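For reference, the structure is listed below as structure tokens.
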Amino acid sequence: MPKFVISRRKFLTSASLGVSGIMLSGCDAFDSQLGVGDGLRSFLEGANGLTWRAQRLLAGDSLAPEFTEADIRQPQRPNGVTAPDDDVYKGLLANNFADWRLEVSGLVEKPLTLTREQLMNMPSRTQITRHDCVEGWSCIAKWTGTPLSLVLDQAVVKPQARYVMFRCLDTIDRSLSGDIKYYGSIDLIDARHPQTILAYGLNGKPLPVENGAPLRVRVERQIGYKMPKYLRKIELVDSFAAIGGGRGGYWEDNGYDWYGGI
1 MPKFVISRRK FLTSASLGVS GIMLSGCDAF DSQLGVGDGL RSFLEGANGL
51 TWRAQRLLAG DSLAPEFTEA DIRQPQRPNG VTAPDDDVYK GLLANNFADW
101 RLEVSGLVEK PLTLTREQLM NMPSRTQITR HDCVEGWSCI AKWTGTPLSL
151 VLDQAVVKPQ ARYVMFRCLD TIDRSLSGDI KYYGSIDLID ARHPQTILAY
201 GLNGKPLPVE NGAPLRVRVE RQIGYKMPKY LRKIELVDSF AAIGGGRGGY
251 WEDNGYDWYG GI
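Residue numbers (full-length UniProt numbering): 1 to 262.
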């Protein structure tokens, strides 16, 4: 068996219905020293697919639990990148995101470029839900935003589209080959779920920088790393094989479960 350099990275296992796959604890990627071979990688991917199908069968169209304001007992805990130092992001922040635009492209009939004000003028949804992090903590907060389904309807998704890719402004990884901006994906079923929103408000106030301003994704039936922050672009695709490492997201390309359901 390969030996792992663990430091604070530990494997978590989940033992319900075929498991949630084997995930890394915390929000750190596999090191090159980990020596994860093709056999283990294939096992992880097989477990991920089984988990996705099992959770789809069990969850159906159900809603994630929602709470009351009395259940909000602390501010939403920030995690991962909390103050992007990218020049483009800092320039947008300096002007209170007046120049920020959300692009919607890919397999759509009508590509969109939306301001934050345009999104805020669309019908909104407010929900008090629990954020579950892969690190093991949870936090209840009130989120307000535009249902993603409304944006997809406005863009008119083409029939061959299967996934929604999210492209972000924050750099998650810096290397000699260049900076890697955060990216992630969900399928169209979760994209059209009524609790999947593009959130611009948190606990009755504008979304703070540390929690993903100007816009972040909320996918309430999935774990925290499936909810990208600092959103800049939505791309409809039929496959993510040619994107990054081909597994649908930054953390997924580094060993995490793609579906990430809870």
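Where a beta carbon is used, it is the ideal one built from N, C-alpha and C, also for glycine.
Since this is a predicted model, take the numbers as computed values, not measurements.
Residues that residue i bridges to, as DSSP identifies them
i	result
E222	At residue 222 the sequence reads Gln, which differs from the Glu that was named. Per DSSP, G261.
Q127	W143
M165	S185 and E235
P111	None, per the DSSP bridge assignment.
G201	T144 and P206
Rounded C-alpha distance that separates residue i from residue j
i	j	result
G145	Q154	16 Å
P84	L63	32 Å
Y183	D253	10 Å
T113	V151	11 Å
G204	P75	12 Å
D190	R174	30 Å
N95	R216	19 Å
C27	I172	With a pLDDT of only 39 at C27, under 50, the local geometry of the prediction cannot be trusted, and the value read off the model is given with reservation. If I take the Cα positions, the gap works out to 11 Å.
F67	I140	8 Å
R77	S138	9 Å
D238	G260	20 Å
I234	K142	23 Å
D61	H193	7 Å
N211	F97	15 Å
V134	D99	33 Å
G91	Q118	21 Å
R167	W258	16 Å
R73	E109	44 Å
G136	Q222	14 Å
P65	V156	30 Å
I262	M227	13 Å
Simplified DSSP assignment, three categories, for residue i
i	result
E117	helix
A213	coil
V134	coil
A83	coil
V156	coil
L92	helix
F240	coil
residue 298	The structure shown does not extend to residue 298, since the chain is modelled only from 1 through 262, so no value can be given for it.
V36	Note that V36 has pLDDT 42, beneath the 50 cutoff, so the model's placement of it is unreliable and no number is given.
S177	coil
G248	coil
E69	helix
D170	strand
L102	strand
L44	At L44 the pLDDT is 46, less than 50, meaning the model places this residue with poor confidence; the figure from the coordinates comes in the next sentence. If DSSP states are grouped into helix, strand and coil, L44 belongs with the helices.
S149	helix
D61	coil
L24	Caution applies to L24, whose pLDDT of 35 falls short of 50 and renders its modelled position unreliable; the model cannot decide the point.
Closest residue to residue i among the options (Cα-Cα distance)
i	options	result
Y163	P75, S105 and P194	S105
T129	A199, K110 and V157	A199
G178	P65, D71, D86 and T68	D86
L202	V157, L188, S124 and K181	S124
Y89	A213, H193 and R116	A213
L107	L92, I186, A161 and G244	A161
S149	Q195, E109 and G91	Q195
R218	W100, T126 and I72	T126
E220	D170, H131 and G136	H131
P208	I223, P228, T82 and E69	T82
E103	G91, N79 and R116	R116
P206	P111, N79 and M120	M120
P159	P111, L188 and K181	L188
Residue i: CB within 6 Å of a non-hydrogen atom of the ligand NAD
i	result
H131	The model on display carries no ligand, and the ligand NAD is accordingly not part of it.
Whole-number beta carbon distance between residue j and residue i, since they are thought to touch under 8 Å
i	j	result
Y225	Y256	6 Å
S185	G248	4 Å
I243	M165	7 Å
L169	R101	Between R101 and L169 the Cβ distance is about 11 Å, and since that is not below 8 Å, they are no contact.
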